[in-house]
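A quick write-up on the structure given underneath.
In this note's numbering, the protein residues as written are 138 to 1141.
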């Protein structure tokens, strides 16, 4: 008699006690309103599903609601949000009035729940434009009733939160290694916003499948840094536990040798144990590899059962009885018997009336063993069924998958294009891009007469470039744009060819180091239409060319091109091109110092672009409008316009387009300056699937917050990766470099701060000399040179001190050269630049001794335009300088700095201010003065002890006075009193007696 393993909850969880304890504790916290998430990693077959099943049973027994969703492997295309759609489906059909009301209140859930209906069709057209010159008249905005990705995400979080008010909710998501990009985005959103909900999210994934380039890998590295997320690694059983599991699983007692053999061959993998045990009682003829083990087990089944299993393996998802009957081509009775055999032997399981393999490895093994011919025929059978019976959401993605695998490219090509359109409507541009790329791969295999009407290779390249650009993959967008120029045919009209070349020029602007190529591309576009009559294409080229001429610092030529573009555009009604030219006229006015005209032009451009549906131009106009206010340090208006631009970019799906990205990055930096510091780490993360350079652009700004809040370990972890991206974007180098300097300085690693500064300045000088950003760099670094010089002087190493002073002077000279030779965007240096210059000079005043408090006060005032944090830093330095000079006002300066530091939770600044206040005996509001613990009999006062501690470190009276902000004479008086109290005649003797009596802590 064969041993059939007893699967399911009846088998005890061998060696999983610790894992279950952690999961139950996480659920207990969720019950109390402390939301959390657990990510379970483990090899295939290690028992992740069994663990989740046990957790679900525990939750259900405690009165909680369990929602389960599974990802499936649909190869490259994927089905957007599939596991969430499956998990939330019970809510849509719930008879509970509260649950039904929560679902009905969120119409965006219609994307996921069956009763919500299919998404409404979006406008069609050429989606190839990724740049400021978006094609005019074709709007990519979906109708108002089509909800965006952000609305969907908010709806999912909202319904789970509301349902959780009645009973705790646990969402179980299996096989995240197969999750599509949209699912990963939703998961990231959900986990980053776990706060006080009665919600626990538990996800599992195959650890061995998440390789270095796997899209889930980067998301996991970010999620595990969240306070609400913990990671649980499910390891294989050890030898003893594996033997215990074998014994528990078998129906009959087994000999110790058989148990030991199965445990050894399984390598501790529970699924391997189950499969090895299921092959027979003696287990004598077991194959060495897992696939052979699995297939050997199936060989015991009748031929019809094996045939049905092969059919199910091709489906790649749960399969209905009707689908099996049609594709397998056997009668109902024969099919029933075949399925019964597979279910009874636990090869298949039944879920909601559908059949699926009990374990994915078994499906993979069966699928891999198919002959090429039968694999093709079965895929064709599924494709035929899908065509005859609409599948609802994901219909075209499934049809495309099976048609591709069955080599039916005539069917696959239009299905891929429809699947791409559906993915775009669902807010999944990454999935749309993969569908388009698959369409490109089979294009030549489809006869011209079989290809969809109105589609050609050039259109596919344009589509791919568009989706790559909106997905935050500018490198791929450029690659497809280059290919489009190569695909141009000799008989292409000049206007059409010019459009392709212009698109290449503008996509090249998104990358560093490609500007010269971009200039050549726009000039090629101009050559094609320079002698033509006014047209929309000519107006677009002129508008784009004006922008390039502005960047080349040829304002007169740019002005002429822009005005000509406006004239041409108005003559032919090309409103989008006119708006693009108006943006350039606005930026030129800003550069000439006429902010009033600039803003008028930009507002006009924004309105015209909006009406024309030229979305990229609209976002570009909003960016430069925010920058106009930013340049003049009008912080409130700059923040408002940047936030408005970010919101608009999100609404139209251009969040990760060139100017959508710049708006988001600028808004984050403005929030840093203004003291509006986000609490959530999600603010510093880009959407999953974007290129590493795009992600680094946001992270580089976010690291400034990490350093400012004292999250030094997180900042240190991020900075090496950002260093590799310096070449990708100059702003990454500037922001990440600034953060690295500040991190080293706050840690007291002043030599490292100077090393980073030298590296950054040298690198920037090779890229672009005398950048205005260099002023900030040296202003941050000079205090480290001053600190090293002071430390060397304290040790009596005057030569070293002189060297550090000289290093500081070199930084000062570099900053002054940047101020003199740098080119402000608005023509003259704005308030921010002047503030950093004042701060540099204030820091320089402390290179050879105490800093000038007047200069630090002036620097603080210079930041009064709204740079709250930087002003607080200057107030701290001003307070130090006032104390060192023995002048009044230090308390007010320190109080102002401390108030801001506490409000922002800027821990390093807060602690630095408190340290100065403590040493100077300055009281700060809200800070309790904790008396220093003393032995029961201590004749020394606190101040006398402070003096003696520094004398013990080898400080001179003058140095002690500088550190404690008292005069050298006062130090001498304190020392005289100490020696009298201790009966010492010399300083060294007083120190020795104090150590001996325990009045001073012995040095470590």
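Don't be surprised by glycine CBs; every beta carbon is placed ideally from N, CA and C.
Check                                                                                                                  : Outcome
Reference residue 1078; option with closest CA among 1094, 1113, 1090 and 1054                                         : 1113
Residue 748 vs residue 712 beta-carbon contact at 8 Å                                                                  : yes
Beta-ladder partner(s) of residue 368, from DSSP                                                                       : 176
Boundaries (first-last residue) of the beta strand (DSSP E) holding residue 338                                        : 336-343
Spatial neighbours of residue 799 in its chain, beta-carbon cut-off 8 Å, leaving aside the 5 residues before and after : 760
Cβ separation of residue 292 and residue 243, assumed to be a contact under 8 Å, to the nearest whole Å                : 4 Å
Sheet register partners of residue 487 (DSSP bridge)                                                                   : 492
In chain order, each alpha helix (DSSP H) run of at least 4 residues that lies wholly inside the region 686-760        : 692-709, 712-728 and 732-749
Delimiting residues of the alpha helix (DSSP H) encompassing residue 206                                               : First-last for residue 206: 202-207, but that is the beta strand (DSSP E), not the alpha helix (DSSP H).
Under 8 Å between C-beta atoms of residue 385 and residue 151                                                          : yes
Option nearest residue 569 by Cα separation, candidates 721, 578, 579 and 558                                          : 558
Residue 310 (DSSP reduced to helix, strand or coil)                                                                    : strand
Rounded distance between the beta-carbons of residue 955 and residue 907, thought under 8 Å                            : 5 Å
Proximity of residue 990 and residue 1012 at Cβ, strictly below 8 Å                                                    : no
First and last residue of the uninterrupted alpha helix (DSSP H) at residue 185                                        : 185-198
Meets three-Cβ-pair contact criterion under 8 Å: the region 992-1010 and the region 959-972                            : yes
Contact under 8 Å by Cβ, residue 768 with residue 727                                                                  : yes
Residue 827 beta carbon less than 8 Å from that of residue 609                                                         : yes
Other residues of its chain near residue 1080: CB distance less than 7 Å, five sequence neighbours each side excluded  : 1111
Simplified DSSP state of residue 456, which is helix, strand or coil                                                   : strand
Own chain, CB closer than 8 Å to residue 1050, minus 5 neighbours either side, in chain order                          : 1013, 1016, 1031, 1034, 1035, 1038 and 1061
Rounded distance between the beta-carbons of residue 656 and residue 717, thought under 8 Å                            : In fact, because the Cβ distance is near 17 Å, the residues do not count as touching under 8 Å.
Contact set for residue 740: own chain, Cβ-Cβ below 6 Å, skip 5 residues either direction                              : none
Local Cβ density within 10 Å of residue 422, reported as buried at 16 or more and exposed below that                   : Note that residue 422 has pLDDT 39, beneath the 50 cutoff, so the model's placement of it is unreliable and the number below is only indicative. Residue 422 should be labelled exposed.
Residue 304 - DSSP class collapsed to helix/strand/coil                                                                : coil
Short Cβ contact (8 Å threshold) for residue 959 with residue 909                                                      : yes
Closest by C-alpha distance to residue 306, when choosing among 234, 197, 354 and 363                                  : 197
Pair within 8 Å by beta-carbon distance, residue 460 and residue 522                                                   : yes
Endpoints, alpha helix (DSSP H) assigned at residue 1087                                                               : 1079-1089
Coarse secondary structure for residue 535, derived from DSSP in three states                                          : helix
First through last residue of the alpha helix (DSSP H) which encompasses residue 240                                   : 234-241
Cβ neighbour criterion (16 or more within 10 Å) applied to residue 429                                                 : exposed
The region 447-460 / the region 500-511 touching (three or more Cβ pairs under 8 Å)                                    : yes
Extent of the continuous alpha helix (DSSP H) to which residue 575 belongs                                             : 566-579
Cβ contact (3+ pairs, closer than 8 Å) linking the region 546-558 and the region 587-606                               : yes
For residue 612, the nearest candidate out of 352, 882 and 644 (CA to CA)                                              : 644
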